[in-house]
DNA sequence: TTGAAAAACGGAGGCTACCTCCGTATAGTA
DNA sequence: TACTATACGGAGGTAGCCTCCGTTTTTCAA
């Protein structure tokens, strides 16, 4: 891939993320190209169908979430790493609401994609949570996948408000940590 | 409402049902008008937004389902009435798959609609199932709403095949009926 | 460093679907 | 029957999707 192509690819994914977040997954391709500062031709060469763009944004988001997990484990103590990761997960999941339909369509068309990315997220969660469990900071009777299963649907539900998510995550974190544990 | 307007309204809802079933909820308005044998102007006067048409089709389907329940109770013995109604429910729910996204959008915009129609369905189910329970044909430890809750998601799941739904409904019916009951 | 091939860019333009508008047709009514 | 309110239909304006191709940029061998 040529350097300028790579540059434009990244610009397009970034622009698509912003535009989809602001206008929903139905936003016009022209708007994405404009935001990225490239022509529509360039957009369509990289992403022939709208769904390819949605998918690229989503994969990019998942990758970032996984990196957040790695960074949290490398830089933070076990419990703060869990807090940081789950906050990132909530942010990640909530942005999906603006293009849930498009995402579902992408998953319908390619079920393997859904599975693969879900595994990737579950592994990252397990990395952070398992470490905290071994350190005695998190109760042992939960698994990483339980948490994403709990938070994912909560965050993508269209009726969840910003305030609710801000109130609920701390509550979930309190329930998650080993009892009597401090700070 | 003038007679010709009423006629065209009905033709449009019928055409929309067929076209949505065949091409999905994203089918073109022109295609619906053509199928109904009217001009697009007529379509848009009756249904200013696509969502209004989706909603009309859905309400019509629910109405038909409720009528099926009434007819089953009037014309059939308790158990056969349950069979007939649940088969109709499966048919009803499966047709929704082709325009689930549009339906969700309609519900997001008007949550009361969802509630109202759900209640209507639950009442119809209760009518048929309650009668069969009182007649001793159906086990007493289930409610009408449990059944729709079980069948609805099953039928609208995009991964359910025709064959599966044909195999599963009899199984569910077997589990539903009072043990030792015949015919 | 240079020049030519390969790769990528951009946006004009064709296509299709959405929706409005208004002249024409028709049902209902006295 | 004649009149009016109502409804019909589809031409045409608008907008978004996508393709195509002349132009620009990058790469790389000499």
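Residue numbers (the numbering used here), protein chains in the order written: chain A, 1 to 183; chain B, 1001 to 1183. Note that the Cβ used here is the ideal one computed from N, Cα and C, for glycine as well. This structure is a prediction, so every number in the text was calculated from the model and none was measured.
Distance from the Cα of residue 58 of chain A is smallest, within the candidate group A/116, A/144 and A/177, for A/116.
Taking 8 Å as the cut-off, the beta carbon of residue 1065 of chain B is found closer than this to the beta carbon of residue 1089 of chain B. Per DSSP, residue 1082 of chain B is one residue of the alpha helix (DSSP H) stretching across 1078–1095. Between the stretch 1034–1044 of chain B and the stretch 1004–1021 of chain B, the count of Cβ pairs shorter than 8 Å is three or higher; the stretches touch. Between residue 26 of chain A and the set A/62, A/97, A/68 and A/75, the nearest pair of CA atoms involves A/97. In the three-state DSSP reduction, residue 138 of chain A falls in the strand class (E or B). One Cα belongs to residue 120 of chain A, the other to residue 1120 of chain B, and the distance between them is close to 42 Å. Contact between residue 1128 of chain B and residue 1072 of chain B holds: their C-beta atoms lie close to 6 Å from each other, under 8 Å. According to the DSSP assignment, residue 175 of chain A belongs to the alpha helix (DSSP H) that extends over 162–176. The three-state secondary structure of residue 7 of chain A, taken from DSSP, is helix. Taking all protein chains in view, the Cβ of residue 45 of chain A is surrounded by fewer than 16 other Cβ atoms within 10 Å, so the residue is classified as exposed. Note on residue 1106 of chain B: 16 or more other CB atoms within 10 angstroms of its CB, so buried under the neighbour-count rule. Assignment of residue 38 of chain A by DSSP, reduced to helix, strand and coil, places it in the coil class.
Secondary structure of residue 1119 of chain B (DSSP, three-state): helix. Taking all protein chains shown into account, residue 1022 of chain B has fewer than 16 neighbouring C-beta atoms within 10 Å of its C-beta and is therefore exposed. In the structure shown, residue 1001 of chain B adopts coil according to DSSP, grouped into three states. Here DSSP, grouped into helix, strand and coil, assigns residue 1111 of chain B to helix. In this structure, DSSP gives residue 47 of chain A a state outside helix and strand, which the three-state scheme calls coil.
Distance from the CA atom of residue 69 of chain A to the CA atom of residue 34 of chain A, rounded to whole angstroms, is 33 Å. Secondary structure at residue 1026 of chain B: coil, using DSSP grouped into helix, strand and coil. The Cβ atoms of residue 1054 of chain B and residue 1102 of chain B sit closer than 8 Å to each other.
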